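Worksheet: the structure to be examined is printed underneath.
Number of protein chains: 2
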Amino acid sequence: MSTNPVPPGQPQPQPQPQPEQPASAPPTLATVALEAGVSRQTVSNALNAPELLRPDTLHRVQQAIEKLGYSPNRAARNLRTRSSHLVGLRVDPAVEDSANALMDRFVHSLVESTEVAGYHVLLFTAGGDHEATCPYDELLRSAAVDAFVVTDTFRGNPHASWLGSQGVPFVAFGRPWDDPAARHPWVDVDGRAGVALSVDHLVERGHSRIAWAGWQKGSFIGEDRRSGWVTRMHEHGLPTSRLSARGDDTLEFGSRAAHALLDVSPADRPTAFLCASDTVAMGVLRALDERGLRAGRDLAVVGFDDSIAAQVCSPALTSVRQPLEQVAVEVVRFLGDLLAHHPIPEPGCILAPTLSVRSTS
Amino acid sequence: MSTNPVPPGQPQPQPQPQPEQPASAPPTLATVALEAGVSRQTVSNALNAPELLRPDTLHRVQQAIEKLGYSPNRAARNLRTRSSHLVGLRVDPAVEDSANALMDRFVHSLVESTEVAGYHVLLFTAGGDHEATCPYDELLRSAAVDAFVVTDTFRGNPHASWLGSQGVPFVAFGRPWDDPAARHPWVDVDGRAGVALSVDHLVERGHSRIAWAGWQKGSFIGEDRRSGWVTRMHEHGLPTSRLSARGDDTLEFGSRAAHALLDVSPADRPTAFLCASDTVAMGVLRALDERGLRAGRDLAVVGFDDSIAAQVCSPALTSVRQPLEQVAVEVVRFLGDLLAHHPIPEPGCILAPTLSVRSTS
DNA sequence: CCGGTATCTTGGAACGATCCAGAGCGCCGT
DNA sequence: ACGGCGCTCTGGATCGTTCCAAGATACCGG
């Protein structure tokens, strides 16, 4: 490389940066352009609009890129295009003693789908104690992310409406239960249908006294799932009265509910339990265990979420499985439309769950 | 503001952008500087080196920042400082039928710790089929991330040495088992000590025939954990022969191992099982279930990882708990040193696990 | 042979922050 | 009173990319 010796002692206004450093400085557009004998813009076009180049030019540029191992600097690109190609996802503290680990599956699917669309997922937390700066606002204002994926609403959190009113671009996993007029895109799983599926399954197995162990009335999701039980039971001509328990989403409640529902005259006892979540179902299993009953033989139990715990516990729990991979794909599709400012005619998308049948039914 | 009117009809080389747009364009350094009556650089200093400013100037600038709701544009900052303030974390497909969901806990802790240090976590996948471009290389070359957190090694994957040889900055969760001379920082949990802890616990409970259900010989981690059993058993003067089984990290192996170890003469039967993972332990529990035995009453079982499944299954599984929150903190500490180019005298850090005692012991 | 058009390529400007060198200014000792 | 010093603050240059408008080239019919 022409070393270009400068006379010592003289102040050199332009240090004459030789564009072909050994390997220390990463290659830039200019480096590639020099190598391929074209201008910067042509290299840029080769990457962003290859159809504009003549085939032989394109080939030459691609070879130069390959040879130098060039990849465009994201910071510079982000600065120019005013977009970061990142989507923010808030991670909540993992709740202990809860079987709800569906986030794992969803997060992975989301990362995969976003990568296909040319994006990446950035994680952040609620921000702890100092509520001074809302992390959503902060990340958006500093252009750290282009949009958010919000999963709060899937527990019925009315967080989304605030974001919507602020003009924050986001896609929700979970329906805007409390605000049917919400304009933001969302994807959700039909919990009602999932429970109905479970009812059918249990009826097919010969059950007629099927109990519901679900959440308290405040929860939209809880009511949705429960309505699947009520409706489908009635469609089968089966009773629901005295077969329902409500409480928190805890093991302890599940256990208590099962004991209460079983502490009645033999004729009134349920022969199967439908649960609003795997956590509750695990509680029910514990109660059966305590009573010397065996799920799958003496009684049937069906959970909801198809968590890892459901898969590995003994006996393995039949559970409603959410199509999280599909959810992620749909979320990313909406994200793409949102960020491209495409009109979004139908902002909602409901997917059907399936039933993972295992030993407890 | 000096409007500097240009003669009409003349081509105006500088469109003279008025710096005070209504609210559509986000504020920049220049906007804030104008508002506070100082220069750009002074605003920059107010954020990055406040001690350089006179208190009253600082206050004025801070008020302007507050008033305009300014936060610095990350892309611009990243471009100038040649760092993204992001760390990459690869997420692997969630393995079904495995109790190993410790990633959830670790990821959250990691996100929290990195935020405290002024960083964020970016997720990416292995890249699927097309191995053409290694995602690590790609992300680093494009300056999308400053460094990586690698968790592969905690399953004994020799992936790390390749990264190290490439000069990729990263911190590993997991020891460089196969390369003690590795120079990269790492954090690990003392699995051997965790198992020794379990042995002590079981001995205290009166057990003397304590079996080991672990992984095949290839696994460094498996051997490490197993050595905790062997060593501590011998220290207690207890036998280990004919009390060990090896296989895959699956439910099925756990179940098979338990059956095999129990299918011997009563005097030779173990009264407790130590497992290399919760997955294996769940398999053991299933086997006991199948034999009409009850863990915690007839036999003791101890797992490893303190997964969610361990917490919610019935009976609840005693398990070795990795201090993932601490691991994350140490990882981030190393990251900070690494990125600040501080010398790292001792690149390794081993943390002690604890035992979560539950019903099965 | 020439002007016009479609195709391909080019250099300059801009994105918004930080680095750098130097300017203004108040304070001190002599 | 003055030079020197330290503390603040300023303006210009820069990071690497994409946008923009205009230049160069090739192809075509008249």
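If you read the sequences in order, they're chains A and B.
For the first sequence, position 97 (counting from the first letter as 1) is numbered 102 according to the working numbering, and the numbering increases by one without interruption.
For the second sequence, position 317 (counting from the first letter as 1) is numbered 322 according to the working numbering, and the numbering increases by one without interruption.
For glycine and all other residues, C-beta sits at the position ideal for the given N, C-alpha and C.
Fair warning: this is a prediction, and the values are worked out from it, not measured in the lab.
To which residues does DSSP link residue i through a beta bridge?
i, result
"GLY93(B)", "LEU127(B), PHE153(B)"
"VAL325(B)", "PHE309(B), LEU360(B)"
"VAL176(A)", "VAL154(A)"
So what does DSSP say about residue i, is it helix, strand or coil?
i, result
"ARG355(B)", "In the sequence as presented, Arg is not what sits at residue 355(B); that position holds Ile. The answer is strand: DSSP assigns ILE355(B) an E or B state."
"ARG59(B)", "coil"
"ALA28(A)", "For ALA28(A), the predicted structure reports a pLDDT of 47, less than 50, and the residue's modelled location is therefore unreliable. The matter cannot be settled from this model."
"TRP167(B)", "helix"
"ALA216(A)", "strand"
"TRP234(B)", "helix"
"SER249(B)", "strand"
"THR365(B)", "coil"
"VAL269(B)", "coil"
"ILE349(A)", "coil"
"VAL200(A)", "helix"
"VAL192(B)", "strand"
"ALA300(A)", "strand"
"ALA277(B)", "strand"
"PRO337(B)", "For the record, residue 337(B) in the displayed sequence is Val; it is not Pro. Note: VAL337(B) maps to helix in three-state DSSP."
"TYR141(A)", "helix"
"THR119(B)", "helix"
"ASN78(B)", "coil"
"SER49(B)", "helix"
"THR367(A)", "Within the shown structure, residues of chain A are numbered from 6 to 366, placing residue 367(A) beyond reach of any answer."
"ASP205(A)", "helix"
"ASP342(A)", "helix"
"LYS72(A)", "helix"
"HIS241(A)", "coil"
"ARG146(B)", "helix"
"SER44(A)", "coil"
"ASP254(A)", "coil"
"ARG114(A)", "What sits at residue 114(A) in the sequence shown is Ser, not Arg. If DSSP states are grouped into helix, strand and coil, SER114(A) belongs with the helices."
"TRP210(A)", "The sequence shown places Arg at residue 210(A), not Trp. Correct three-state label for ARG210(A): coil."
Around the C-beta of residue i, are 16 or more other C-beta atoms found within 10 angstroms, so that it is buried, or is it exposed?
i, result
"ALA314(A)", "buried"
"ASP273(B)", "exposed"
"ASP61(B)", "exposed"
"HIS346(B)", "exposed"
"SER319(A)", "buried"
"GLN68(A)", "exposed"
"PRO185(A)", "exposed"
"ASN53(B)", "exposed"
"GLY172(B)", "exposed"
"GLY199(A)", "buried"
"PRO32(A)", "buried"
"TRP191(B)", "buried"
"ALA357(A)", "exposed"
"PRO27(B)", "Summary for PRO27(B): the model assigns pLDDT 42, below 50, so the residue's position carries little reliability; its value from the coordinates is reported in the next sentence. By the neighbour-count rule (16 or more Cβ atoms within 10 Å), PRO27(B) is not buried but exposed."
"ALA35(B)", "exposed"
"PRO275(B)", "buried"
Closer than 7 Å by beta-carbon distance: list the chain B residues that pair up with residue i, in chain order.
i, result
"PRO31(A)", "ARG146"
Chain A partners of residue i, CB-CB under 7 Å?
i, result
"ALA81(B)", "LEU84"
"VAL116(B)", "VAL96, LEU128, PHE129, THR130"
In chain B, which residues lie with their C-beta within 9 Å of the C-beta of residue i?
i, result
"GLY74(A)", "ASP142, ARG146"
"ALA345(A)", "Residues of chain B passing the Cβ test: none, with the nearest at roughly 19 Å."
"ARG210(A)", "In chain order: nothing, as chain B lies at least about 21 Å away."
"ARG291(A)", "VAL317, CYS318, SER319, PRO320, ALA321"
Could you name the residues of chain A that residue i contacts, counting a contact when the two beta carbons are closer than 8 Å?
i, result
"HIS113(B)", "VAL96, ASP97, PRO98, ALA99, THR130"
"MET287(B)", "VAL317, CYS318, SER319"
"MET108(B)", "ASP109"
"ASP294(B)", "SER319, PRO320"
For residue i, is the beta carbon positioned less than 7 Å from some heavy atom of the ligand GTP?
i, result
"PHE278(A)", "As far as ligands go, the structure on display features none, and thus does not contain the ligand GTP."
Residues of chain B with CB under 8 Å from residue i, in chain order?
i, result
"HIS125(A)", "LEU127, LEU128, PHE129, ALA149"
"PRO77(A)", "SER147"
"THR284(A)", "VAL317"
*Are the stretch 177-192 of chain A and the stretch 325-337 of chain A in contact at 8 Å, needing three or more beta carbon pairs?*
Yes, they touch.
*asked:* With three or more C-beta pairs closer than 8 Å as the rule, is the stretch 233-242 of chain A touching the stretch 254-268 of chain A?
replied: The stretch 254-268 of chain A vs the stretch 233-242 of chain A: no contact.
*How do the stretch 76-84 of chain B and the stretch 109-128 of chain B stand: do at least 3 beta-carbon pairs fall below 8 Å, yes or no?*
These segments do not touch.
*Between the stretch 87-96 of chain A and the stretch 112-127 of chain A, do three or more beta carbon pairs fall short of 8 Å?*
Because the criterion of three Cβ pairs below 8 Å is met, the stretch 87-96 of chain A and the stretch 112-127 of chain A touch.
*asked:* Tell me whether the stretch 284-299 of chain A and the stretch 246-255 of chain A touch, counting them as touching only if at least three CB pairs, one residue from each stretch, are closer than 8 Å.
replied: Three or more beta-carbon pairs drawn from the stretch 284-299 of chain A and the stretch 246-255 of chain A are found closer than 8 Å, and the two stretches are therefore classed as touching.
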